[in-house]
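Below: one structure, written as structure tokens.
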Amino acid sequence: MSNNDNVIICRNVHLWYGDFEALKGIDLTVRRGEVLVILGPSGSGKSTFIRTLNRLEEHGEGEIIIEGITLTHDIRNIAEIRREVGMVFQQFNLFPHLTVLENITLAPIHVRKWSRERAEETALRWLDRVGIKDQAYKYPGQLSGGQQQRVAIARTLTMEPEILLFDEPTSALDPEMIKEVLDVMRDLAKEGYTILAVTHEMGFAREVAERIIFMESGLIVEENTPENFFTNPKHERTRLFLSQILNH
Amino acid sequence: MLENLHQFLNRILPADRQLHITPQQFVDENITRSWWLTLWLLIFGTIIFTYTRAQLVTMPLLTTIVLILWAVTVLWTAFNEATKKHHRYTLWLKENLYSSINNVFVTLFLILLIFSTVRGFLNYAYFNAANSNDPELRAALIAHNQEIGKSTSDFALDTTAAFTTDPELSRLVGDKTDGARWGAVRANVLNLLLRNMKDHTDRLWASLAIIVVLAVPSFFIYRQEKFRTSWLRTVLTYLWLLSPLAIYALIRGIPETDVQGNGLLALGALIAAYFLSQYISRMEGQTERSLLLILIWGFAVIVAGAMLIFQPLSASVTVEGSGILAPLNPDEAWGGFFLTILISVFAIVVSFPLGVALALGRRSEITGIPAWLTYSLAGAFTIYELTNSTPRNVEAARNSIELVFAYWPLLIPVIAYLFQRIYNGNVVAAFSTLYIEIVRGVPLITVLFTSLILFPIFLPPGVRILNTTRILWAFALFSAAYLAENIRGGLQAIPQGQYEAANALGLSTYHKYRYIIMPQALRLVIPAIVGQFISLFKDTSLVSIVGIWDILNVANGIAAQQNWLNVRTEPYIFLALIYFIGSASMASYSRRLERQLGVGTR
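In structure tokens:
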């Protein structure tokens, strides 16, 4: 396997919030097209970790290389990486003053320098893919939570990123809306995107993930295939976590 | 006895209109519920009774009609309420006017008060208003004054005396003397609105024409979706941006001095800064880059500002020529409401970008000047001053206070320490905060006095800046500090997620603020900003204290005119009306803007 296929390489990544060490040395390599699910109890640093990958959090010690670009203070490196890495948030973070279509086309027009026509065409295609093309001219506040999250996914995908980060995309949704978002994510996984997802949806993890990472207090405790992870976890802490999650 | 009354009433009333409440119940619930209610009703009733009796004397007919109407409607409502069978009028009356005995009295009181006030004002403003433009009256007054040996110009002062002494005059004008003297306003309308600009109305019409010509197509082009990406819209926007220059040229004239040279230099500095910063933004290293950018833009803005501010210095001495573009001296020509509007518009337009910049500056998190650099610079400066100026000052000191002040360079390290400690060497945040807090800590009138009286002393000899120019900038810079705090409030209300989403999409800082943060932040603070602009508009009247001829100063001047000695009330009423119209239209525009932008709905 050539090095070019490792789209994300993290070496000994540390992160401090003041005196608190949130990440204590993360080593991780992600291949192109891999679907990775990150599990762990709350406060274990899983969200923090994927947010360091597009510099929403600034890591301290260590090295992060994405698509061959090293994450440094240099604004151009950060901009380049953010163009390749799309992110979907727990709280959707749509822009409430813009219509759905404007939400989606804003970044392609100003970052990718596309023409408005091209951006709108692509945006509508993605909205169609996530099944809400008819909502294009509404404002986010007029949509349901599940629809909003699908808009957020379409917004991320219209930028044509190589890597998708999902930060607990279903945690803020009503149960009946979770499925519509997970279905979209499942489709994307099949299409060959490199996906890193922080989620509590065990069904999704078991079915879609190629690799599961279990984090605890800023460290990766266990890396495993979904099959082994759920049926035969290596680590004691993992077992405890699974028993709490699955038997509630 | 009350029981008998109840039975009697129910006997004579038809079966479907029986009283559902006994008089005893009524008294218990509405009058004797508590001792203080009874006491209050007694006191209030006495006041109403006295007031009504007084009203009956001054305007018997109107008061009688009001009283009858009031009594009839109260009884009708009370009866319907007691029999629980309301007409829709009595229901309205009950809900809005007669919901309790107290409110029954309040209604009467307020109606009488409104009637007497309106009547008083109408008598003053209309029925008794002395119409000095009435040729018959004027002729009579002049004749009368000549008769008693007074010069005609005194007549305004002496009208009352004239009427009381001359029965013929009294017959002529009736009791118009204790009314308003609108003549003072009527004769001075153009002075109040334009002052000396009334001799240059052609320029004002031309300016107005520019605005109308741009406003009419804007009405269609900015509102319709099909023009959204049209070149027409771009052209129109540029024309709007250029229109202030054209209007400035019209109301100021084009001086024969080297205005083009200065303007070109200013423009050149800004363009050069733009290209340099384009080049720099491709360089390595964020800290160095932002420092260089600040230096270059700071320098460019200072150069451009100096060019534009010093531009009028020789222009101000040029004599007025003829023609629509001949130079005018603003200190002489601009005045009245025209100047008020000019100050407000200039201050609003200039302070807005300044306020945004200061708000962003105060929140900026750029990498600061490193501590070692700050401290070594501060140290070098301290040592330099201690060895150079301090010995001289110590020698020259005449008392112990001056001796202490001679050691002022010792403060430099303290300031350097505070700068590092509080702002981490962030020059932008430190400057913005300092500016905002200093300006907010100073009363506006002080700023005006300083800019008019103190500021010229600091200027190099031979450099003169127009009073009007200084006042305009004083207002703009003062307003910017308050605006900055309002906008900062809006910025703080934007959730962190909005920044994160914009960052994650790879938007540059400029695009992030331009399209995501600012539109939302500004929408949130529209009420606060418009409130500030309204108070700015009214605060412009302070310039009359420092001798600028705004509308208030012109109004004060009327009282010194021979024909209208000591006439102040009427011009002030006119002023109040003008200021009210201005403020109210701003407020209503703000409400419309809020509605259009859907504040509070999404």
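Heads up: the sequence lines are chains G and V, in that order.
Just so you know, the numbering used here puts the end of the first sequence at 254, numbered straight through with nothing missing.
Just so you know, the numbering used here puts the end of the second sequence at 612, numbered straight through with nothing missing.
Just so you know, even glycine gets a beta-carbon here, dropped at the ideal spot from N, CA and C.
Where the alpha helix (DSSP H) through residue i begins and ends
| i | result |
| --- | --- |
| V/ILE376 | No alpha helix (DSSP H) holds V/ILE376; DSSP gives it neither H nor E. |
| G/ALA85 | 81 to 90 |
| V/LEU4 | Residue 4 of chain V is absent from the structure shown; chain V starts at 11 and stops at 612. |
| V/VAL449 | 437 to 450 |
| G/GLU242 | 242 to 252 |
| V/ASN113 | 111 to 132 |
| V/GLU105 | 98 to 106 |
| V/VAL245 | 241 to 262 |
| G/GLY209 | 208 to 214 |
| V/PRO340 | 340 to 343 |
Host beta strand (DSSP E) of residue i (start-end)
| i | result |
| --- | --- |
| G/GLU27 | 26 to 37 |
| G/TRP22 | 12 to 23 |
| V/ASP26 | Unbroken run through V/ASP26: none, as it is neither H nor E. |
| G/ASP173 | 169 to 173 |
| G/LEU45 | 41 to 45 |
| G/ILE72 | 69 to 72 |
| G/THR200 | 200 to 204 |
| G/VAL227 | 225 to 230 |
| V/ILE334 | It is not in any beta strand (DSSP E) - V/ILE334 carries neither H nor E in the DSSP assignment. |
| G/ARG217 | 217 to 222 |
Check: residue i C-beta below 7 Å from any heavy atom of the ligand SAH
| i | result |
| --- | --- |
| V/VAL564 | Among the components modelled here there is no ligand, and therefore nothing to report on the ligand SAH. |
Supposed contact pair residue j and residue i - C-beta distance, whole angstroms, cut 8 Å
| i | j | result |
| --- | --- | --- |
| G/LEU163 | G/TRP132 | 5 Å |
| G/LEU130 | G/ALA113 | Between G/ALA113 and G/LEU130 the Cβ distance is about 16 Å, and since that is not below 8 Å, they are no contact. |
| V/ASN138 | V/GLY189 | 3 Å |
| V/ALA426 | V/ALA388 | 3 Å |
| V/VAL540 | V/ALA597 | 7 Å |
| V/VAL535 | V/GLY499 | 6 Å |
| V/LEU29 | V/THR93 | 6 Å |
| V/ALA516 | G/VAL117 | The question names Ala, yet the displayed sequence has Gly at residue 516 of chain V. Right, their Cβ atoms sit about 5 Å apart. |
Proximity winner among the options, relative to residue i (alpha-carbon distances)
| i | options | result |
| --- | --- | --- |
| V/TRP418 | V/TYR433, V/PHE347, V/THR397 | V/THR397 |
| V/GLN508 | G/GLU127, G/GLN96, G/ILE201, G/THR205 | G/GLN96 |
| V/MET528 | G/ALA125, G/LEU21, G/LEU29, G/PRO102 | G/PRO102 |
| V/VAL556 | V/GLY435, V/ILE481, V/ALA343, V/ILE304 | V/ILE481 |
| G/VAL36 | G/GLN154, G/ARG243, G/ASP189, G/LEU59 | G/LEU59 |
| G/LEU170 | G/GLU182, G/HIS206, G/TRP22, G/GLY198 | G/GLY198 |
| G/LEU45 | G/LEU100, G/GLY31, G/PHE235 | G/PHE235 |
| G/ASP25 | G/GLY66, G/LYS52, G/ASP11, G/SER53 | G/GLY66 |
| V/ARG533 | V/ALA484, V/ALA491, V/ALA514, V/SER600 | V/SER600 |
| G/MET165 | G/PHE210, G/ARG88, G/VAL19 | G/ARG88 |
| V/ALA440 | V/THR392, V/ARG602, V/ILE558, V/GLY378 | V/GLY378 |
| V/ILE583 | V/PHE54, V/ASN106, V/ALA565 | V/ALA565 |
| G/THR105 | G/ARG118, G/ILE56, G/ALA158, G/THR78 | G/ALA158 |
| G/VAL136 | G/PRO175, G/ASN12, G/ASP193 | G/ASP193 |
| G/VAL214 | G/GLY39, G/ALA28, G/LEU77 | G/GLY39 |
| V/LEU2 | V/PHE309, V/SER44, V/VAL359 | As displayed, chain V neither begins before 11 nor continues past 612, which places residue 2 of chain V out of reach and without an answer. |
| V/ALA135 | V/ARG191, V/LEU101, V/LEU107, V/LEU352 | V/ARG191 |
| V/PHE347 | V/ILE448, V/LEU214, V/ILE475 | V/LEU214 |
| V/GLY592 | V/ASN576, V/ASN573, V/THR550, V/ARG605 | V/THR550 |
| G/HIS241 | G/GLY152, G/PHE220, G/ILE251 | G/PHE220 |
| V/ILE111 | V/GLU412, V/ARG372, V/PHE54 | V/PHE54 |
| V/LEU260 | V/ILE124, V/ILE221, V/ILE306 | V/ILE221 |
| V/LEU618 | V/GLY365, V/SER217, V/ARG373 | Past the edges of chain V, shown from 11 to 612, lies residue 618 of chain V, and the structure says nothing about it. |
The region 62 to 79 of chain G: which residues have C-beta closer than 7 Å to a C-beta of chain V, in chain order?
Within the region 62 to 79 of chain G, the residues whose Cβ lies closer than 7 Å to some Cβ of chain V are LEU62, HIS79, listed in chain order.
Every unbroken alpha helix (DSSP H) within the region 41 to 70 of chain V, with a cutoff of 4 residues, ordered by chain:
Complete alpha helix (DSSP H) runs here, min 4: 45 to 68.
Could you name the residues of the region 523 to 545 of chain V whose beta carbon sits closer than 7 Å to any beta carbon of chain G, in the order they occur along the chain?
Taking 7 Å as the Cβ-Cβ cut-off against chain G, the residues of the region 523 to 545 of chain V that qualify are TYR525, ILE526, PRO529, GLN530, ARG533.
Completely contained beta strand (DSSP E) runs for the region 128 to 187 of chain G, where each covers 3 or more residues
With a minimum length of 3 residues, the continuous beta strand (DSSP E) runs that stay inside the region 128 to 187 of chain G are 169 to 173.
Residues within the region 217 to 248 of chain V neighbouring chain G, beta-carbon criterion of under 7 Å:
Listed by position along the chain: THR239.
Please list, in chain order, the residues of the region 83 to 115 of chain G that have any C-beta partner in chain V closer than 7 Å.
Residues of the region 83 to 115 of chain G with a C-beta atom less than 7 Å from some C-beta of chain V are ALA85, ARG88, ARG89, MET93, PHE95, GLN97, ASN99, PHE101, PRO102, HIS103, LEU112, ALA113, listed in chain order.
Unbroken alpha helix (DSSP H) runs of length 4 or more, entirely within the region 458 to 508 of chain V: which are they?
As summarised for the region 458 to 508 of chain V, the continuous alpha helix (DSSP H) elements at least 4 residues long and confined to that stretch are 465 to 468, 477 to 502, given in chain order.
If you measure beta-carbon to beta-carbon, which residues of the region 185 to 202 of chain G are closer than 9 Å to chain V?
Those residues of the region 185 to 202 of chain G that come within reach of chain V (Cβ to Cβ, closer than 9 Å) do not exist; the list is empty.
Along the region 121 to 155 of chain G, where does the CB come closer than 7 Å to a CB of chain V? Name the residues.
Hits within the stretch, in order: ARG122, TYR145, GLY147.
Scan the region 498 to 583 of chain V and note each continuous beta strand (DSSP E) run of 3 residues or more that stays entirely inside, going in chain order.
With a minimum length of 3 residues, no continuous beta strand (DSSP E) run stays inside the region 498 to 583 of chain V.
Please list the residues of the region 365 to 392 of chain V that have a C-beta atom closer than 7 Å to any C-beta atom in chain G, keeping them in chain order.
Answer set for the region 365 to 392 of chain V: empty.
Residues, ordered as in the chain, of the region 481 to 513 of chain V that lie near chain G by beta-carbon distance below 7 Å:
Cβ contacts with chain G: GLY507, GLN508, GLU510, ALA511, ASN513.
Pull out every residue of the region 573 to 590 of chain V whose Cβ sits closer than 8 Å to any Cβ of chain G, in chain order.
Against chain G - using a Cβ distance shorter than 8 Å - the region 573 to 590 of chain V contributes no residues.
Residues of the region 589 to 603 of chain V in Cβ contact with chain G at a cutoff of 9 Å, in chain order, please.
Flagged: no residues at all.
For a minimum of 4 consecutive residues, which ranges assigned as the alpha helix (DSSP H) are wholly contained in the region 372 to 433 of chain V?
As far as the region 372 to 433 of chain V is concerned, its whole alpha helix (DSSP H) runs of at least 4 residues are 381 to 406, 410 to 415, 421 to 433.
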